[in-house]
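In the working numbering, the protein residues as written are 956 to 1268.
The C-beta atom is built at its ideal place from N, Cα and C for all residues, glycine as well.
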């Protein structure tokens, strides 16, 4: 393997021609901790170590990052174009104000990565990706699909989506709080302890999902469909369930207090021992719904809740 100085001299020489490196194939590079700026890698196949390397205003078009060890690397204002993230090693990397036109990636290691202010313009489909504890802050997504991937404790904060699909993935503790997500769909996925607090999920579809202990407090789930889902002890307090289809939902001991069920289809749902305090638009005695042990509105508690604002004043 080349040493760091030899690797840097080679890239510096190659980039002298207008800052572009085109069609270069190299093995044995060692650029750990280097700082590279304004270089365009076009159709390059480079193999080596780029751990903790800093890239500023660089572009990566075509080629592949498969054999680049980019653990702990940082990317500032960079462009990525093409299927270059296939099986890439990007654990603990940082992306700031980058543009990613990456339509499909299989097997990338994005564990503990941090994306801030990034734009994912094209269709983004991740297959067998590892996004454990990854954070996306102020990012804009087109249609985002994650299939057979791991998104455990992955957080999306102040992000926008054209659509989001999660298929056959493990998403324990995933955070999607305060977001508007049109065309949300989760199929055959595990989302225990996932957090959807205050998010708009109108018309969302959950099919064959595990939602044990998930949090939907204050979420807009109007028109949502739950088909073959389990959500014991989930928290839906204050959520809008208007016109939703809960026929395929098993949610014993869940909290549906202060929920609006107007127009919801509840026949076939298992809502046994749930909390329905101050919930509206639902009758636990309706035929076809299992609601044994459901806790209804407590008049004394409701009176105390109504009185509390005056006490604060």
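Euclidean distance between Cα positions of residue i and residue j
i	j	result
residue 1063	residue 1045	7 Å
residue 1226	residue 1047	42 Å
residue 1042	residue 1253	55 Å
residue 1155	residue 1148	18 Å
residue 1001	residue 1038	15 Å
residue 1162	residue 1203	9 Å
residue 1082	residue 1158	25 Å
residue 1248	residue 1228	4 Å
residue 1020	residue 1004	11 Å
residue 904	residue 1201	Here the chain covers residues 956 to 1268 and nothing more, so residue 904 does not appear.
residue 1250	residue 1216	16 Å
residue 1033	residue 1128	30 Å
residue 1027	residue 1009	9 Å
residue 1234	residue 1244	16 Å
residue 1198	residue 1016	46 Å
residue 1073	residue 1221	41 Å
residue 1209	residue 1172	11 Å
DSSP state of residue i mapped onto helix, strand, coil
i	result
residue 1061	strand
residue 1118	strand
residue 1160	strand
residue 996	strand
residue 1151	coil
residue 983	strand
residue 1001	strand
residue 975	strand
residue 1245	strand
residue 1250	strand
residue 957	Reliability fails at residue 957, whose pLDDT of 48 lies under 50, so the model's placement of it is uncertain and the value that follows must be treated cautiously. Residue 957 falls in the coil class under three-state DSSP.
Residues bridged to residue i [DSSP beta-bridge criterion]
i	result
residue 1235	1215
residue 990	1009
*What runs of the beta strand (DSSP E), each 3 residues or longer, lie entirely inside the stretch 1171-1229?*
1180-1182
*beta strand (DSSP E) runs wholly inside the stretch 1073-1148, at least 3 long, in chain order*: 1079-1082, 1090-1092, 1098-1102, 1110-1112, 1118-1122, 1130-1132 and 1139-1142
*Which ranges does the beta strand (DSSP E) cover as unbroken runs of at least 3 residues, wholly within the stretch 1004-1056, from first to last along the chain?*
1009-1011, 1014-1016, 1029-1031, 1034-1036, 1049-1051 and 1054-1056
*Per the contact definition of three or more C-beta pairs closer than 8 Å, is the stretch 1068-1078 in contact with the stretch 1101-1113?*
no
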